[in-house]
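A.B. asks:
In the working numbering, the protein residues as written are 3 to 99.
(1) For residue 45 and residue 51, I'd like the C-alpha separation in whole angstroms.
(2) I need the straight-line Cα distance from residue 87 to residue 74, nearest angstrom please.
(3) Would you call the CB atoms of residue 40 and residue 29 closer than 8 angstroms?
(4) Check the C-beta distance from residue 54 over to residue 36 and give it rounded, since I have them as a contact under 8 angstroms.
(5) Just confirm the distance between the C-beta atoms of residue 20 and residue 42, as a whole number of angstroms; I'd bet it's less than 8 angstroms.
(6) Which whole runs of the alpha helix (DSSP H) in the stretch 12-93 are 4 residues long or more, in chain order?
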């Protein structure tokens, strides 16, 4: 049995095309190519099945997002406690008032 030759990703136009088998062998290199601006098309049996694209600063929100959206908490009429008072209450040393 002959050793399998190392395949080289095909470059077509503005993107790199690579077989799924090669992606499985070298995922770190493929992701590094995307990080450097390359779009990578993953194929299986010659058919495109996935695309790895670079992320730009415009794609990342400037702050963490909550999938549930903003939470509206009801006002329970409870006193505001300091961090120390909360810790004391959690440790069972609260005043109970």
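We treat Cβ as the ideally placed atom computed from N, Cα and C, and that holds for glycine. All of these numbers come straight from a predicted model, not from anything done at the bench.
C.D. replies: This is what the structure holds:
(1) Near 5 angstroms, if we compare the C-alpha coordinates of residue 51 and residue 45.
(2) Approximately 24 angstroms between the Cα atoms of the pair.
(3) The answer is no: Cβ separation not under 8 angstroms.
(4) 5 angstroms between Cβ atoms; contact.
(5) Their Cβ separation, rounded to whole angstroms, is 6 angstroms, which keeps residue 20 and residue 42 in contact under 8 angstroms.
(6) When DSSP assignments are scanned along the stretch 12-93, the uninterrupted stretches of alpha helix (DSSP H) that are 4 or more residues long and fall wholly within it turn out to be 22-27, 29-37 and 85-92.
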